[in-house]
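These protein sequences, in sequence, are chains A and B. Counting from 0, one number per residue, gives the positions in the first sequence under our numbering. Counting from 70, one number per residue, gives the positions in the second sequence under our numbering. Below is one structure, written out as structure tokens, with a few remarks after it.
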Amino acid sequence: MVNKGLLETDILPNVSQPARYTGHELNARVGDHIGAEATMLLAFPDVYEVGMSYIGFKILYDIVNSNQAWAAERAFAPWPDMEAQMRAHGVPLYSLETYTSARDFDLMGFTLQYELTYSNVLCMLELAGIPARADERGEGDPIVIAGGPCASNPEPMAPFFDLVVVGDGEEAIADIMRATAQGKRDGASRADIVSRLAEIAGVYSPSLANRVERRVVADLDSAEYPRKFVVPFLEAVHDRVALEVMRGCSRGCRFCQAGMIYRPVRERGTANLCELAEALVRSSGYEELSLLSLSSADYTQVKELMSKLASKYGPEGIAVSLPSLRVDSFSIALARDAEKSRRTGLTFAPEAGTQRMRDIINKGVTEDDLMSAAADAFESGWDQIKLYFMIGLPFETFEDIDGIASLSRQVLELGRKVAKARGKARRAGVNVSVSSFVPKPHTPFQWFAQNSREQLEHKQLYLKERMRVRGLSVSFHDVRASHLEAAFARGDRRLAPVIQRAVQLGCRFDGWSEQFKPGLWHQAFADLDLDPSMWANAEYGLDDPLPWDHINMGVSREFLVREAQRAARGVTTPDCREASCSGCGACSGDVRVRLAGEFAASSRQGGGRA
Amino acid sequence: MSASMRFRVRLGKGDEMRFVSHLGYMRAFERAVRRARIPVAYSLGYHPHPKISFATALGVGMTSEAEYLDIELNLADSGELSTLEVFELLQAATPQGMPVIAACAAHGKPALASSIEWASYRANVQASIQPDLERAATELLASESAIAEINTKSGRRRADIRPMVRNISWRSGGVLECTLACGGRAHLRPQDLLAHLGLIGACVYRTGLYFTDRESGDLVSPMSVECTDLVMAMGFRPGELTRGS
Ligand code: SF4
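Below, the structure is given as structure tokens:
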């Protein structure tokens, strides 16, 4: 245990947001750490408010702690002011539940949600007093495991993990806890337990560099889902009841990694969801309930579910919301029902500015779709609309960038017209957020190079110039950050020492623009005679070996090749829920598309735990 | 019976929540009310919010056994609720570090926040510096005025703190107790008084909030004025939420 008195008197009064580091939230695990047969420190390499927003993290916490014999506790990356205090006072990374030092856990499991948290992983290991590289660890060190979407190419971080879990974590984490407890009972050595865990399906061992097939929950409706959320005292980024209505998306946007690696679409039944909603609302006291997934308007029974929930909880002052909107009138109607107050702006993601480009990326949105959705939104009373676009996509020309500007202006014009007609005093506004395309593993665009930094910067300037219109505001992602993200996403093990070096130099929280230090990253690469362009800007041939070839995420290479070729010809591929199967390879055996309708009859009894 | 009813609740803020901001503390209470399914009344308008008003904020890092709030309930649908019922529902729903100490029905018009004038605090003092501190306190109480640097809502400034110090006394075991101005008209943070006396970084514990009785000038508890049906937590001992006492 760390010295709580020292924390309370000498450390916490001197840091920003001290409640990040004190735990004791409602529904946090209480109870003894010592007596547990296997203990896991769930580590999220970003700040508390961010980590507490991820449903995957909550699911794993719940699964481990619902078994009396196991304990899962939490740790987040300390903000730099706290890190400095911890170092100054010799306080190691500790768990929020029992203030147990990270080193005293059997297992430490990192969620790799996005690439720009990699430096924080190493920083947390260092604060924990755990050697950074797996081959430097020994008896007494926790077994360090990673999971999450970035595990689909674990190579840049592979030397730092004893094991990596690939795919859905629900079943894998239980297997890992069980095997660890058994190993301890058998008096097995650490090395022995590591090799036992490596046998578990979906587990990748960086030292063996084995081929691995992702874990996938075939039937989400019977999978475990928390009935209690830890309710933070600090406002988390997403601070509400999140109901995961489905996993996976088959719209097939060719740049989107989540849209590929979580296939096939697996919905939960509405009976189950209503029951979960009730349990979560009652146990949390949250004032908002949100339907979570990659594209919740695509949930087959979204309308019924929304109206059921809204009529049940609306009168109690609990808002029901839909975070991800499609670009169509159906979505606006849903949002209109959900959000009586129009307090937040509406967000649409056309992603590209011309029909040609949207066909290339397989974003099934037309200009008409966007304009009529925007018209609906303005007429329903929203006056701020946010548009998401990407630049630097494969086959992009300057016409496509012009298209972004002209589409945005058209939406603004429309908003003005509607506002005028309705005699509204407040002017319509359009916020345009432009990110740079990052090629991601296991997508049809994995072979394509990211534009060079110079190209992206030029395109940003070009677009900015065309967007100088009152009422239109535009923001861009930092090109240097996107460049680094691309290098990590497509990288291999040669990057590991670079990341280690960067952390030594002081890189932390690279996803936070005020913390990101591109100069230090530049130096870290230079110190090892490497350059991020070697990965970010490499164009791979369709037959080239890729650093993530040994990780099987369900979708087949043949499908991805086919999609890349169709992209080159500007041919779209329909959603397999609406048209026929496009043969992506994600379905096999038990694993298939499951829609809410099939669970309709089986309203579950007695808690519904699988 | 009218459809709406106001209750006054006294909460504690224990060690588990000492670093939670006032905003976080209020939000945690609102969520407890929702979990308890107490029919709180909502304000009208586009962004309805529950009618809960806290007496005054407590600084981050402090603990307390005197956090008061008023909550208005809409009993049109649910029927009457007794103080005891409200008390018990809340007690079952608040998180660790937020004990429900007392509840009563509040009838008077005076808004809680604007009626608070004084607050009492307690701080542990190391034996080695206690004589110095006692001397400084005696000197302060004997003086007509005392200019010190204090923190206010609008930043640091110099002010005469003497009128804002009603009382400083000592309990056995090196515990300093003081009663200071609290509220919108005049406010002295206990840390500023302690710093003036020569003590930095003490853990401060709030023990009470008070109205001033207009006639006698005495300090009275917010639960003693136009309040009825008081329910107190069984076995509550003043001071129990403070560390090491
Ligand atoms: S295998 Fe066919 S049905 Fe299954 S997700 Fe892929 S495209 Fe859809």
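Even glycine gets a Cβ: it sits at the ideal position worked out from N, Cα and C.
Answer yes or no: does any C-beta atom of chain D fall closer than 8 Å to that of residue i?
i         : result
A:Arg-281 : Looking for chain D here will not work: the only protein chains present are A and B.
Work out the CA separation of residue j and residue i for me, nearest whole Å.
i         : j         : result
A:Arg-239 : A:Arg-335 : 19 Å
B:Ser-314 : B:Ala-126 : Because B:Ser-314 carries a pLDDT of 35, less than 50, the predicted location of this residue cannot be relied on, and the following value inherits that uncertainty. Rounded to the nearest angstrom, the two C-alpha atoms are 24 Å apart.
B:Gly-304 : A:Glu-24  : 25 Å
B:Ala-135 : B:Ala-172 : 12 Å
A:Met-356 : A:Lys-362 : 9 Å
A:Glu-36  : A:Glu-395 : 55 Å
B:Leu-138 : A:Gln-454 : 59 Å
A:Ala-373 : A:Ile-384 : 8 Å
B:Ala-65  : B:Asp-261 : In the structure as shown, chain B starts at 70 and stops at 314, and residue 65 of chain B therefore has no counterpart that could be examined.
A:Trp-446 : A:Met-85  : 43 Å
B:Val-169 : B:Phe-123 : 14 Å
A:Arg-568 : A:Ile-550 : 28 Å
B:Val-315 : B:Thr-152 : The question about residue 315 of chain B has no answer here: the residues shown for chain B are numbered 70 through 314.
B:Asp-282 : A:Trp-78  : 48 Å
A:Ser-340 : A:Leu-369 : Caution applies to A:Ser-340, whose pLDDT of 49 falls short of 50 and renders its modelled position unreliable; the value that the coordinates give is listed next. C-alpha separation (whole angstroms): 22 Å.
A:Pro-141 : A:Asn-2   : 21 Å
A:Gly-606 : A:Glu-223 : With a pLDDT of only 38 at A:Gly-606, under the threshold of 50, the placement of this residue in the model should not be trusted; the figure read from the coordinates follows. Whole-angstrom Cα-Cα distance: 11 Å.
A:Phe-436 : A:Gly-510 : 16 Å
A:Cys-583 : A:Met-259 : 9 Å
B:Pro-259 : B:Leu-268 : 11 Å
B:Ser-197 : B:Leu-266 : 14 Å
A:Val-417 : B:Leu-278 : 54 Å
B:Arg-104 : A:Ala-241 : 17 Å
A:Asp-382 : A:Val-497 : 46 Å
Please compile the residues from chain A whose C-beta is within a distance smaller than 9 Å of the C-beta of residue i.
i         : result
B:Met-86  : Ala-18, Thr-21, His-23 and Phe-232
B:Val-194 : The contacting residues do not exist; B:Val-194 stays about 14 Å from chain A at best.
B:Gln-93  : With the sequence shown as reference, residue 93 of chain B is identified as Gly, and Gln is not the correct amino acid for it. In chain order: Ala-18, Pro-231, Phe-232, Leu-233 and Glu-234.
B:Val-78  : Chain A residues near B:Val-78: none, gap ~16 Å exceeds 9 Å.
With which residues is residue i paired in a DSSP beta bridge?
i         : result
A:Ala-145 : A:Phe-109 and A:Val-163
B:Asp-229 : B:Ile-216
A:Glu-223 : A:Glu-223 pairs with nothing; no bridge assigned.
A:Val-433 : A:Phe-388 and A:Phe-475
A:Ser-100 : A:Tyr-93
B:Pro-119 : B:Tyr-111
A:Ala-37  : A:Trp-69
A:Tyr-203 : A:Val-163
A:Leu-345 : A:Ile-384
Would you mind telling me which residues of chain B sit closer than 7 Å to residue i, beta carbon to beta carbon, in chain order?
i         : result
A:Tyr-285 : Arg-100
A:Leu-11  : Phe-88
Measuring CB to CB, does residue i end up less than 8 Å from residue j?
i         : j         : result
A:Asn-26  : A:Ala-76  : no
A:Ala-318 : A:Glu-287 : yes
A:Gly-284 : A:Val-230 : yes
A:Pro-440 : A:Asn-209 : no
A:Ser-294 : A:Arg-325 : yes
A:Asp-574 : A:Arg-250 : yes
A:Arg-19  : A:Leu-41  : no
A:Ile-359 : A:Ala-133 : no
B:Gly-81  : B:Leu-310 : yes
A:Ala-150 : A:Leu-111 : yes
A:Val-410 : A:Leu-386 : yes
A:Val-431 : A:Ile-390 : no
A:Gln-459 : A:Asn-536 : no
B:Ile-107 : B:Val-155 : yes
A:Ala-127 : A:Pro-205 : no
A:Ala-623 : A:Arg-415 : No answer is possible for residue 623 of chain A: it lies beyond the span of chain A, which begins at 0 and ends at 609.
A:Gln-499 : A:Leu-121 : yes
Given 7 Å as the limit, tell me if residue i has its C-beta closer than that to any heavy atom belonging to the ligand FMN.
i        : result
B:Val-78 : Inclusion of the ligand FMN in the displayed structure is not the case, the ligand content consisting of the ligand SF4 alone.
Can you pull the chain B neighbours of residue i, defined as C-beta to C-beta under 9 Å?
i         : result
A:Gly-391 : Chain B residues near A:Gly-391: none, gap ~40 Å exceeds 9 Å.
A:Thr-346 : The premise fails here: A:Thr-346 is roughly 20 Å from chain B at the closest Cβ pair, so nothing lies under 9 Å.
Which bits of chain B does residue i rub up against, with CB to CB less than 8 Å?
i       : result
A:Thr-8 : Gly-270 and Cys-272
Kindly list, in the order they appear in chain A, the residues whose Cβ is closer than 8 Å to that of residue i.
i         : result
B:Tyr-111 : Gly-316
B:Ala-97  : Leu-25, Val-230 and Phe-232
B:Pro-291 : Per Cβ cutoff of 8 Å: no residues; B:Pro-291 is ~25 Å from chain A at best.
B:Gly-243 : The premise fails here: B:Gly-243 is roughly 16 Å from chain A at the closest Cβ pair, so nothing lies under 8 Å.
Can you pull the chain A residues whose beta carbon is under 7 Å from the beta carbon of residue i, in chain order?
i         : result
B:Val-155 : Here the premise fails: no neighbours, minimum Cβ distance about 16 Å.
B:Gln-165 : His-23
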